[in-house]
Each structure stands twice: as C-alpha cells, then as structure tokens.
Amino acid sequence: MKKIIKYIAIGCVSIGFSLSSCNDGFMQQDPIQSLAEGVFLKNEGDLPLYLNQLYNVYAQGHQTGNAYSYSPPFFITRGSQIIYGDIFTDNAIGFSNTSGDIVNRMQGTWQVPSSATSSLDNADNTGWRWNNLRTINYFLNHYREAEASVSSPELLNKYAAEAYFFKAWDYYQKIVAFGEVPWLEKDLNIDSPELYSPRTPRAELADKILECLNYAVQHISTESGATGRINRDMANFLKARFCLFEGTFRKYHTELNLQATANKFLEECAAACNEIISSGKYQLYNVPSEVGNDPYWHLFKLNGMTGGDHKEAILARVYDGSKLGHGTSRYFNMNRGNASGRYCKGATKDLVDEYLCIDGLPVTSSPLFKGYDGDDWRELDNRDPRLRQTVVKPGEYITIFNRDENGGVINQALQGLKYPEITYNCPTANQTPTGGPCATGYMFVKHWTNEQIDNGSTTSGTQTALIFRYAEALLMYAEAKAELGTITNEDLDLTVNALRLRAGFDFTKYPNSKLALQNIPADARLDNLYQQYAGYVPGPILREIRRERRIEMAMEGLRREDLVRWKAGKFIEKPIRGMKFTAEKQKLYDGTNTSKAKNAPKATLNSDVFVDSEGFIIGYPKSPNVTNGIVKWDDKYYYNPIPLQELELNKNLTQSPQWQDIKR
Amino acid sequence: MLLLFTFMSIACIKAQTISGTVTDDKNEPLIGVSVAVKNTTKGTMTDVDGKYNITVNDQNAVLVFSLVGYAKQEIQTGSKTVINVQLAEDSKLLDEVVVVGFGTQKKVNLTGAVSAVGAEAFENRPVTSVGQALQGVVPNLNITMGDGKPSTVPNFNIRGTTSIDYNSTDNRWELKNGEPLILVDGVEMSSTLVNQMNPNDIEGMSVIKDASASAIYGTKASRGVVLITTKSGKFNQKGKISYSYDISWDKPSALPDIMNAYEIQRFVMQNSEWTLGTVSDLDKRKMEAIEKYMADPNNPDNRYMMNGNSIVWVGDMNPYKLVVRDWTPTQKHNLSISGGTEKVAYHLSLGYLSEDGMYKIGEDKYNRYNIATRFNAKVTNWFNLETKVNYNRYSYDEPYVPSYKGNIWSVLKQDADKNINMPIKTLASDPSGEQWTDNYLAWLDYGNRTVTNRWTTALSVSPEFIVIPNTLKLKADLSYLPQGRTMRRKDPSHYYITYTWSPVSEQQEYKENRGRFEKDVTDNYQINVYADFNKTFKEKHTLSAILGFNQEYVEYSQSVLNLRNLFSPDVLNPNATEDPTLNTMETSAQKRTGRAVFGRINYNYANKYLFEVNGRYDGSSRFTQDGRYFFFPSFSAGWRISEEQFMDVSKEWLSNLKIRVSYGKLGSQPDSYYPYQPSMSSTSSNYWISGNWSNTVNAPNLVSPYLTWEKTATTNFGLDATFLNRLNFSLDIFERKVSDILVEGSAAYPNLLGATPPRENSGVIRGRGWELTLEWKDKLANGLQYNAGLVLSDAVTKVLNYPSNAIKTLGDYMYYNGMTVGEIWGYETGGILQAEDLVLNGNQYVFYGPRHSGNLYPGDPWLKDLNGDGVINTGSNTADDPGDRKIIGNNTPRYKFGVTLGASWKGFDLSMLLQGVVKRDLWIGSTTYWGGGTNNAGSKWMYERSWKPDQTDAKFPRYRSAAGAPSVQTGWLVNGAYLRMKQAVLGYTVPASLLKKLHVEKLRFTLSGYNLFEITEVPSIFDPDQISDSYPQKRTIALGAQITF
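Chains as they are written, first to last, in our numbering: chain A, 1 to 664; chain B, 10001 to 11045.
So this is what it looks like as structure tokens:
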C-alpha cells in the first residue's frame, strides 16, 4: 500500500513540475475586452470604425458636454471655436475671470512655454500636439492589411482618402499655427529616428498637404449629406480653405519670397469652390416670411438633427441632446466668465462700424447713419440687416426673452425689457440664468437661441454646429478671384450679392447696396486703418470682399486666421472700444430703472464703466499691461513658439522666428 | 535488574482502569482535557466535573494530559489507579508555534521577521470587521480606514510605501502603500474578502514582513504576507455549542461644527468691514431677514425674502444635526458548534451582523451573513482529509446622490445658501406648491438609492498523504472561490426649487428616471500540491524541506447596464423605458493565470544554528512569453545564542536570545492584467454620422520594448530575547529597496511621438525602519493575572529615482530624487499682523516688509522672506528653488504604537488596547476650517479662536472667507500625535460552580468600547485618523454575552 502511495505522490509531484515547465496556452492570456494590436484593421468594416474617432477631433463643432477644451488652431479660447474663436481679436472682447484678465498673447506677455504637455491647461497653449496625427498615420500604415477582405480596391482607396483628408486638416492647423513643421509618414515609437526630425520647408509641406487633399477629392465618397461621412464636397471645401490661406499668406508675407507661387494655390482654391458652387447641391438658407425676416439669425440656432436638412451646410455636427449634447447655448446666454471657456463677451465698436448702412454706403458717408447718441442704440438702425442679427438692440431677442415660462418666448409684454448689464469686471459664473454683463454694451445675439432646451442645458444642448457652410465657399471664391484679378460682376452676383440679398438688402430701393466692379463705394476710414495697421491698402474690390467676409462670418472663428494670412495682425492694436456711454445711457443706468418693464442694472461711470475722450467705452480698462484699451501685437505672433523642452529634446528643430530659443 | 524486568513484564499484561480529576491551579475542574495513552490511539476526555476514566494495558503506560492554553503533562501510571492532575496555564511562550508558508514553525526557530496574533484579538471585540480589530496590534502592519462607512474596506499595508503606481481614476501617479498577499488557510484572498469575514472565526494570524519567509509565495509577496488561520474542530473534543450576542451603539467620532445662519451672515458683513469693503444693502437686508427668521422660525413668511425676481432663503438649520444620527445600533449574533471524535473533527459557525449607518435622512443599513464549516477526518493511518465551505454575504443600502452634486461631507459645509438657509421642501402654501429644493438633504431624501450586495463562497479540499510517518507528507490544497457583486441603483427624475418658484432640473440625469445595474463575477481556482519532508539526523541535524507546485486561474467579468427614461424608477427593466436606444451597456472582463514551483529548505544544527532558503520559480500570464518565468530566492539565518554553553550562566533570567538576519529579492506582479500588450480600446466616437451614433476603435497605446519586473530587495536584522520567562522582546530593523518601478515614461521623448510615452522601469524608492515588540505576562500570588505589551514601529521612505521629474517640480503627486515621503513644504510664519503693523494708504493697507501677493489686512499672517529677495513667492516651484518655502514638517505617522494592558482576577477580566502615533505633522487644508462666507458654512471652532478686531491676541489669523485659506506655513502646523483608547473590554465570567447545574460550561458578559477617547492636539472637530471630508469614523459602546454549552 505504502509503495502505491509513494508512486502516486511522486507521480503527482512530477506531473506538477512537468506542467509548470511548459509555457503553453494556459499561460498566454490576451485582453478580452480590448483588441490586441494586430487583430484589428483586417476587415472592411474595421476601416470606417477606426476612422470614426477622427470626426470629433477635427469637426469639433460646439464640442460636447460642459468641460470645454481649447480649440485649434490657435488654442487661445476654450469651447466652440465657431462661437468663441473671434474672441481676443478686433471683433470681440472676452473676459474670462473676475479681474478682467485677458490672455497673455494680447497683453504682450506671451512667453515660450516650457513644455508641450504641461501647458495643455494653460491659456497660452501652443497646440504642439501630435497624437491625432499618430492615429492617422497608424491607419495609413496599416489599412492595406484589410486588402484581402475588401470587395474592391476603390473601397480601400475611399477610406484612405478619408484618412488623408484628416491628415491634411491636421497639417493645415499646424501650418497656420507654426508655419513649418516636421512632416511625418509613420506612427512613431520611442526608438524611431523620425522623433528628431527638423522642420519641413514650407513649400514642400504645403505641397504635401495639397497632395493629401487632391487624393481625398479624387477618391473619397461622393455621397451627399453635411452630417454624413466625409465626402467630396467637404474635401473640396477644406482644400479651398487651405489654398486660400496658403495663397494669400504667400502673397502678403513677402518675407518668405514665395509670392511667385501664391497664384497656384489661389487657382486651386477657386477651382475647388467652383466645383462646390456649380454642383448646385447647396443654397443659402432662408426662412418663410411668416417665421421672420431674420434668416441669418435663424441659421445659427438650428437644432438637433435638422442640420442635414437645410442646404447651406456642407459639414455640420449635430447633437441629439441626449446621447450627445453641449452647454454652449446656456453659457453663451449667461455671458459670464470663468476658467472653463465661458466668456463675458461683447462686440467691439470696430466690428459694428464695419457694417454698411442699408443703402450700401459705409457709416462715414451714408446719410442714413444715425450716430451713437441717445440711449436707444441708434447706431444699429438703418444698417446691414445682419448687424441686428449679430449684435442685439435692446428691445429685441434676448433682452426680452422669457426663460422662466415654459417654452421660452421672445415677448416684451411678458418679460419686459432688460438692458445689457455693463461692467468691465466680469463676475464668475453663478447659477443665475439671466444674461450676464457685456463689457462693450454690444451684446452678441448671433448663435443665441430662444430654444428653451438649449438655454437650460448644461450638457444637453442641441444647437447644430455649422463647420463648413456654403456662404463661406462663396466668399472664398470671390476672394480668390479678386486676388487673382479675375473677378467679374457675375462672380459678385453669385457670391457677395447673393449673401446681401439673403441678409435682406433691397437692391431696388438702394441700388448702391448691390456690389459691382464699376460702383464700389469709397471708405477712407477703412483704407486709413489698413494703411496704419497693415501697412498696405487692398484694392477697393478686395476691401469690400474682406468686409463682406468679416460681416457674414463674424463670430465664426475665422477672424484671427484671416488677420494672419493678410499680414494684418496689428489690427488687434486698434483701440478696443465699446458703445458710446452717453449722458442718456448714464441716466438709464443710474440704478433707478429696475422695474420689470424697463430694467437697466446700475452701472456707474468710472467705476463699472470707463470711457475715452469721445465717450466710447474702453475695453479692458483694468487689465494689466493694457493701456487705453490698446492690446499688443508683435510680428513674431504670426507663428506660435515651440515649447523649449521640445527644442531641448530635438536639437534639429528650430524655434519659430524671433522667439526665445534654447542655447545651441 | 532482571527481577525488575520480570515484574514489569508481568505488569505489562495487566490491564487496569485509571480515573481522576483534572483541575486548574485554582482547583476549578477543567472540562474537555484530552487524556491519551502515549504512543497509542487510545484516549478520552474529562467531563464537566473534570473527571475521566481510562483503561491502560500496563504500568509503563504514560498518560498525556493536554488542553489548549495549558502546559501538557505526561505521567507514568505505575500502579496508581487514581491520578489527579493539576494543569498549569501555559505561559511558556517559547513553545509557541507560528504559521508560515505551507506549514508551521516554532517561534524560537524562526529566522524571518514574523509577528503572530492569536484569536483573542478577534473574539468578542467591539469591532465589526477584521481590519478594525487589527489596528495597532501588529507593529508596522498599517490598517487605514478610508472612511467610516460600514462597507468600506480598509487598506492593509506592511512597512509603509511599497511602490509608485498610476491611479487611472484621478489620473495621477501615487505613492502606494500596497497590500500584502493575504492567505486564509492557504488560499489567496483580497482584503475585501478578508474584511467580510466574521472576526470570530479567526484562530490566528501571522504577518510575514521580510523577504525571507515570503519568498515561497513569489511575485505576489514582495509587499509581505498575512496568513490567517480559521478555527477548526479538534479531535477528541467534546461537542461544544457557543453563542454570543453583542449589541453596540455607534456615534460619529467627530463632526464639523459649523456656524449658524446668523453667524455666517454676521461674518460676511464683518469680513467686508475688516477688509476695507462696504457692506452691501442686500447683505444688510439678508441679515435683518435672518434675525427675523431666528426670532420666529415657525412663521413661514420668514423663510425667505425676495431680491428682484430671485428668492433669497434666510432659514437656519444645521445640516449635520439633521442628517447624522446620535447613536446607531449594531447587533451581532454568533453561533458556533464544534467538536471531534478520535477520527473526525467538525466546526460550524454562523454569524449575523446588522449595522445601522449614520444617515438620519435617507437611512443606510448594512447586513452581513457568515457561514463557516470545516470538517477534518483521519480516514486511514496514511490519509487525512480536510474540507472547508465558507460563505459570506453582505448588503448595503444607502442613499445615492448624483456625483455632480459632490460629496455630502464636504458639500454640507459649503453652499450655505442652500444647505443652511434653504428648507428641504417648500410648503403647499408657497407659489410653487410643495416641492423639493436644491438643499443637499433633499437630494438624500427624494428617493435615489443604491443597494450593493457582495458574496463569496470558498470551497476547499485538502487531502494529505502520509508517505513516511513523521518524515514525509504529501499535501494538496484545492480551492475554488466564486465571488459576486451586484449593485442596483434607482435614480428618479428630480425637479427642485432654487432661487425662483418654478422647479428646474439642471442636468439631463435629473430630468428623467434613471437606473443602473452592475454585476461582477470573479472565479478563482487555486491549486497547491506540495511535499513536506522533516527529519533529524544524528540527533543534531534537523533538515526540513518543502517542494511544491502551484497553479491558479482568475477570471473576472463585469457588466453594467445604464437605464434611461424609465417609466418607473423602481423597475430596472431595459424595455420599460420610453426609448430603449438610450440605454447603454458596458462590460469588462479579465483573465489571468499563473504557475509556479516553490520550495524551502530549513537546516537546524542542535537548535542553535538555523538556516533557511526559500525560492520560487514563478510564472504569470501578465508577462510576455519570453519574460514570463523568473526565479526569486531568499536566504536567512539565525543563531540562538542562549543555547550555547557559555550562556548557561544567564539561563536563569535569559531563557532565549537569538539574532537573525535575512535577505531576499522578489519581483512584483503589476496590478493590471495586460501591462505588456498594446491594445486598441473601443469607445463611442461622440459623433453622429448619417443619423447614426457611431463607435470607434482607438489606436493602440505604446508599450516600451524594454520592460522588466519591479524588484523588491529586503534586508532584515532581528533580535529576540526572553527574560525571566515572562518578558518577551523582539526587535527588527529593515531596509526595503524597490527598484525598476514601472513609472511614468520619462519626458525625454519629443512630442512628435504622438502618444503618452510608454511606462518604463525607472523608479526607485527605499524604505527603512524598525519594529519593537515587548510582552510581559505574570501572575501574582493572590491570583491576579496581568499582562502588558507594547508594539512600536517606524518606517520612512525616500524616493531615490524618479526621472520624469528631472527638474524637481514640487506639488501634490510630484516626486523627485531625494524626496522623503510625506514632507510638507511651506512658508515660515512671521506673525499675525496687527493694525499698527500696517499703514493705511488711501483705501489700501501697506505692509513695509517682504512683498506678499494679494492685499494684506490686520489679522493676516505675514511670512518670512527666506531667500531674501524681498518678495514672498514659490520661486520656480522646484526643490532647488522653492522660493521662500522649506520643508516644515512631515505627515508620515512616525513611531506608531499599540499598548495592550490586561488583568484578570476572580472571574473579572479587563483588557485594553491603546494606539497612537508619537510624531506627525498635519497641515489642515480644508477651506471651511479656515473660514466661511456667503457660500460656505465655516467652522465655529475656528471663528472663536481666530483674530478679530476685539480679539487681537488670538491663536489663529483673521477668520476669512473660505477661498482665502492661508498658504501652508509653520505657524499653524498641527501636531498630529495622538493616543487613542482603541479598545477596552471588561468581562465577567460566571464561576463554573454556579453553572454546573444548568449544564452550561461557560457564561460571560462583556462591556466594551471602541475609539473611546483620544489625547491629542488635533482639533476636536476632526478625527485624528481622518482629516478629510468623508463618512465619519465612529465611537462604539457595546454590551455582549457569550454562553457555551
């Protein structure tokens, strides 16, 4: 018996030992819930699934939720680039906290950040981010593994084209922010030599971006739908934007000595726009007259899933408010500042002044212009109808909006009239959901919506984000043709005049309001500003097309990029002013008008409001390093600095011109 | 001689019956004493009167009398027929046996650092869990309670910081006080499972602190090992039924004392005056309204005032008084049945615990059920079998508040305008009608609940083959542990009144009925097979060895169902919703396997020179195929100096003296299941494409190709001594160096990498410390027994290498080379500014000293300009340029101690455990501690002690608004030392003589307390162990009764 046990025992132990020496399947455990590298991107269906992650990275729209992050390409403002991108330009003032601070790059104290990662939460974020490009390059290096399962090679090319579209977008953002950057073809690991790449020369870089875009246009899906997968129209639109940027940048930034190649890009831009326009698929949005005569304002408050239904959208991000929503409208409405991308914004007088009068003449020469006096915001009367759909006149829209009743209505009888609260010192966000203070007195109403669901939602707002819209394609077409010197009156009717008609100009009553090459109104004020701040005066037709662009696209996040490519960065040094704080307005705001019917929160001169010698409100009166509302521009700001640590780690990388460099 | 032999041989064949009484030294009869005939299987036990009868075959027979807790006696029968025995209580600690990996060892022969705890630390204590029972009992076994919630699992840790690890919830690298490997009867269990055990089921525990003894457990044991043994039946033991009942009452050990509405508003106004501001009209009106309310709180019109269209609430209530109960009851029932015959022993225990939580509104309740059964059988003389079935389950039912509203224990101190001024509900007569408000207590009350259930079953079978008696055994532990957890949450839609009369609901989550259902299942199979050899050669050479094989398999899966737009919040059915497509489902699953060969060799020469080698060849599925198996050995040696001849002179008073030394280097397994595999996770893309909600698969993460194991090298030096047979002394000094810690990838890669740099094995930390144990046990002539013990320990950890912070940036969760764990950087306080120290210039005070940031007012602290640059600042915020800061203290608890005191006399017994920390610095950063304000309640304790214009000699600076807590500085660093009466038990055992007729063996009553009081300088509004805003710790008073039949 004992012997038997012994044998059993020895057997057991030796079986145990022999088992343990194996390195078999039992010991190999792969992740169950996530896909181990090497098993994905093998099937046709994997390709779009992977590409899906890039949509919200580039087509950010109004972002999501209420935790806003900084927006590309400049990373100055947080939250929706469409809504807030123009803050801290000459279009809009934007406080972000109680002390009335503004971002460093407007105080002239913009410093080179020490590292790329540590400053992700800093207001002067550099945008030196390469993670999304790695995601794209990983795809481009692996998608051919699905070749065997794909029914036709065109399908494979179609998905590659989508990746090239996003790659072009990524590099477009980088060329805007940094000029030259290293061109990467691979997804890198810690032992890749490409980690130490130098900057790729601009000419080469821009050609590569254009190559990506041309590949995308050629191979990408041709299906329609602004809210669907990336299609040929979107690719053409992005191509037009990039080419307009690169063409005009080369033309005006003569220090690059690339003027000779500018027209190539401008022609590509015009051609891409032409394809979109001539497809006939798109048209400017309008509303039936019973809804209102303010289609421009209506365009930006479209809700939810309707983004795909109207024909002005080429690329739009939609929200259902339940699975995906945002708080943009609520915080836009609150207009109070805190650190997370809610701005206490207001329009500048400079923007307001640029709108033509309804007769097509500038404020300096139109007899219809009423001046800035009184307490009725009369300067907004008799103007381009888009003005009062962008900046609110008290007694309209938000100032008589009743949020407390079910549904929310714009109704003065119910809500009375609440004048904009005016103070330089923007309070932090609190829960009071009425409109917050507006430092300039010109409160924005473009992007504001009277939809109760949006106004009341911190995270479930449904306002559609128009990322690429047809109007911009028209403006790009006009600008490119004007820069090329080939613009015709037919082109103007197709573009600028179409926009003015939609806005509500009456060409019969005011023939001058229709732009024609032989009939361009003079605007000495604007020409002087160009001369003083940009050092050149564009031709009259170009000046008018740029005016049209500033007006039509106001508060859509394009202004800073425009100033950069026009080499007109100094424009932001124009003294920042708000409305005229007239004696009548001082009386209105003296604290006695607190009834519901007429409610003007108290604002005291030289305490809440500071004015210049002509009585116009001075922007940023208490902000450090800002005197008399003049913020700082330095030509080195045309390129963002590269974080010092990045230069230290990659000695082949050079610092952007004039910025602090490391010891070399 | 021959005659004698002849006589004896005659006697040999003559069977005789022997009887007698066994008593203790007080002449009380002893029941259940085993009486066995040596070298036979024959045996019996004493009855309730201590009497026995046994038949022996010859006069050479030797009777062995044994009972747990008493010294064994052997008596040769000779010709006697009546043998009365008096058993002495066993105070010979020298014979103590300690459980070590896969076996036991005599404590005197140990060469590693091992502490043992007996059943007395767990039985009939005023505690509900194993963790509570162990606080302060074992030196350098640190038990940290995160908060006082009944379901909270404490953190177990041995000797302090063990590693640096990434916390993916909070996205930061944390120094980790890692948990040791915990085994219950040889089966690996988590601290969560251990904390669910019934403390009464524990027979004993060993804590292995150094590498020598833990190496046999390999890669999981680098942070030490805790071995828990549970109770089993004894062979040859009379059947016993024991029942105990305890009822206890808990109260919070500390609660914030917040100011009332009047005091808050008074301070808001005072603060304006003290800082050259003006009191706003609104504040004055609010003050009047509050006074009016407080004069007549029952008048509903006094609850609020209007400011324009907004309601300004002006009520006054103390949310803590409303929500925290004064005394909450807990009941415990324990029933155990055990016994054994010659061949079979059994043990069954049932436990039930019912604990009421502290919430008065939205009450919480914890219930726990424990069943433990154990069965041992001597099947043949070569085969033994042990089986064990344990089951436990708890449920915790608590209110749930959406995370957006914040943590109740901090929110109640904040948002004074909601939680102090606002009622919980509006009245039917209000314009809104009766509605909930946004007061936090309304969130507790309106019906959100979370119910968590957790259960574990442990099944194990341990066969044992005796191959060569007393020499070679072959054993196996085969175990299976299915565990599960469910969580059900109902989250009804919630509209509430804030500052207008129409109810609002700000987050989507509050607008609809929601529900959540979570289910986790873990399956765990473990097999250990090992051979145990033990033999003494030529009397002096004792060799024992263990060689074994281990295999394990762990599979975890979780599914989470988020339900939205439910028709009814009570029906958590994914189809009973208005839109089933909004429901979401998440799952996660993980699997890991391991295999190992392990072994140990002990060699002992004449009980003088002791050597031990442990080793384990360990493999884990967490590593890549090529680097999966590693061998980790450890070595230790001991010298029992007291056994040397030259020590005979001191034998009288020094019965044991031993020095030990050990060294071992162990690899650690990472916590994550698949650390070395790049993987592509799938998530929602957060984008609608063509009207469809789309998912996506992300790019794989980067994994460094140069990864290896984290290694822990421990060196331990120990000294054990026993004086006068009564005083035990034990000292261990250790160094634990952990290298190759997988930490944040160095920042040395350009951002072009496009991914988080992969983690690398580059962190190094080193812990040093010591442990001291002193035990004294004695009995006086008058029968008074008493004992006293002290455990004292210390451990300090330094970070030796942390390359991702090369410039030594300071901050929370930032580490740098040379940093001592726990160090506090702060300013040096100059003093409190009085009005005369400042010059009033226009509407601002000017201080002609170093320039401080922000404005200074009388009552503010001023700081010393340590670097002499005229400005008070943080410099470049690095260790090399900290500005005007320096290291002003360290918050690591130093010299942690536990003192046990016990005495018994004539049925009364008293035992006490005092626990504490000798040195610790605390900076209390809680903003409401420093002040309140419009939106913060603020601490009344602080208000009374802080600077005011009429109290300029106060200890604390000017009471400030909560946002203005002073920076960390020397002036108000709190001495965190404390002494706490952790446990005190007073018992009375009814004399056996009185119980005999009732057939009761033992009846005992206890009165006990837990966390009774503290002696400390920590402000009384904090528990010295919990300076944070969380569920409070508790004080407990308990009554108990135990009866044994």
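A virtual CB, placed ideally from N, CA and C, is assigned to each residue, including glycine.
All figures in this text were calculated on a predicted structure; none of them were measured in a lab.
- prompt: What does A:Pro31 touch in chain B if you count any residue whose Cβ is under 7 Å from its own?
  reply: Tyr10674, Gln10677, Ser10679
- prompt: For B:Trp10947, does the three-state DSSP call read helix, strand or coil?
  reply: coil
message: Am I right that B:Val10114 and B:Val10207 are in contact with their C-beta atoms under 8 Å? What's the rounded C-beta distance?
response: 7 Å
message: For A:Asn650, would you say it is in contact with chain B, using Cβ-to-Cβ distances shorter than 8 Å as the test?
response: yes
message: Residues of chain B with CB closer than 8 Å to the CB of A:Gln28, please, in chain order.
response: Ser10621, Gln10625
- request: Taking A:Thr194 as the query, report the chain B residues whose CB atoms sit under 9 Å from its CB, ordered along the chain.
  value: The identity of residue 194 of chain A in the sequence shown is Glu, whereas the question assumes Thr. Residues of chain B passing the Cβ test: Leu10752.
- request: Write down the C-beta distance between A:Ile422 and A:Ala603 rounded to the nearest angstrom, noting that I regard them as a contact closer than 8 Å.
  value: 4 Å
query: Should B:Asn10376 be labelled buried (16 or more other beta-carbon atoms within 10 Å of its own) or exposed?
result: buried
field: Neighbour flag for A:Tyr55 against chain B, beta carbons, 8 Å
entry: With 8 Å as the cut-off, A:Tyr55 counts as an interface residue toward chain B.
field: Assumed close pair A:Asp384, A:Leu356 - CB separation to whole angstroms, cut-off 8 Å
entry: 5 Å
- request: Taking all protein chains shown into account, decide if B:Glu10120 is buried (16 or more other Cβ within 10 angstroms of its Cβ) or exposed.
  value: exposed
message: Please list, in chain order, the chain A residues whose beta carbon lies closer than 7 Å to that of B:Ser10961.
response: Ordered by position in chain A, no residue passes the 7 Å Cβ test against B:Ser10961, which lies about 14 Å from the chain.
query: So what does A:Gln463 bridge to, in DSSP terms?
result: A:Gln463 is bridged by DSSP to A:Asn303.
field: Host alpha helix (DSSP H) of A:Gly247 (start-end)
entry: 232-252
- request: Using alpha carbons as the reference points, say which of B:Asp10445, B:Ser10762, B:Ala10531 lies closest to B:Lys10711.
  value: B:Ser10762
- prompt: Taking all protein chains shown into account, do 16 or more other C-beta atoms lie within 10 angstroms of the C-beta of A:Glu255, making it buried, or fewer, making it exposed?
  reply: exposed
- request: Using alpha carbons as the reference points, say which of B:Trp10382, B:Leu10444, B:Thr10426, B:Leu10427 lies closest to B:Ser10403.
  value: B:Leu10444
message: For chain A, check one thing: does any of its Cβ atoms lie closer than 8 Å to the Cβ of B:Trp10436?
response: In terms of beta-carbon proximity, B:Trp10436 stays away from the interface with chain A, with every pair separated by 8 Å or more.
- request: Report the rounded CA-to-CA distance for B:Gln10969 versus B:Arg10454, giving the unit in angstroms.
  value: If I take the Cα positions, the gap works out to 45 Å.
task: Give the straight-line distance between the Cα atoms of B:Asp10921 and B:Asp10250, rounded to the nearest whole angstrom.
output: Straight-line Cα distance between these residues: approximately 29 Å.
query: Are the segment 10178-10197 of chain B and the segment 10381-10397 of chain B in contact at 8 Å, needing three or more beta carbon pairs?
result: The count of Cβ pairs closer than 8 Å, one atom from the segment 10178-10197 of chain B and one from the segment 10381-10397 of chain B, reaches three, so the stretches are in contact.
- request: Look at the Cβ atom of B:Glu10518, then the Cβ atom of B:Gln10558, and state whether they are nearer than 8 Å.
  value: yes
- prompt: Cα-Cα, which of B:Ser10793, B:Thr10756, B:Ile10311 is closest to B:Thr10773?
  reply: B:Ser10793
- request: Identify the contact partners of A:Lys323 in chain B, using a Cβ-Cβ distance below 9 Å as the criterion.
  value: Thr10581, Leu10582, Thr10584, Ser10684, Asn10686, Trp10688, Trp10693
- request: Mind checking which residues open and close the alpha helix (DSSP H) that includes B:Trp10409?
  value: 10408-10411
- request: Evaluate the contact criterion for the segment 10166-10181 of chain B versus the segment 10469-10480 of chain B: three or more CB pairs, one atom per stretch, below 8 Å.
  value: no
query: For B:Tyr10530 versus B:Tyr10480, is the C-beta spacing smaller than 8 Å?
result: no
message: Cβ closer than 7 Å: which chain A residues qualify as neighbours of B:Glu10464?
response: Under the 7 Å cutoff, chain A gives no residues; its nearest Cβ is about 11 Å from B:Glu10464.
- prompt: By DSSP, does B:Gln11033 sit in helix, in strand, or in coil?
  reply: coil
task: Could you please tell me which residues of the segment 183-209 of chain A, in chain order, have their CB closer than 9 Å to any CB of chain B?
output: Leu184, Asp187, Leu188, Asn189, Ile190, Asp191, Ser192, Glu194, Leu195, Tyr196, Ser197
- prompt: With C-beta atoms as the reference, is B:Ala10699 less than 8 Å away from A:Arg129?
  reply: No, the pair does not count as a contact, with Cβ atoms beyond the cut-off.
task: Give the interface partners of A:Tyr50 over in chain B, defined as CB-CB distance under 7 Å, in chain order.
output: Taking a Cβ-Cβ threshold of 7 Å, the residues of chain B close to A:Tyr50 are Thr10696, Val10697, in chain order.
- prompt: By DSSP, does A:Val409 sit in helix, in strand, or in coil?
  reply: A:Val409 carries a strand assignment under DSSP once its states are collapsed to helix, strand and coil.
- prompt: Which residues mark the beginning and the end of the beta strand (DSSP E) in which B:Ser10911 is found?
  reply: 10908-10919
message: Between the alpha carbons of B:Trp10173 and A:Thr227, how many angstroms are there, rounded?
response: Computed Cα separation, rounded: 40 Å.
field: Alpha-carbon spacing of B:Lys10473 relative to B:Glu10464, whole angstroms
entry: 7 Å
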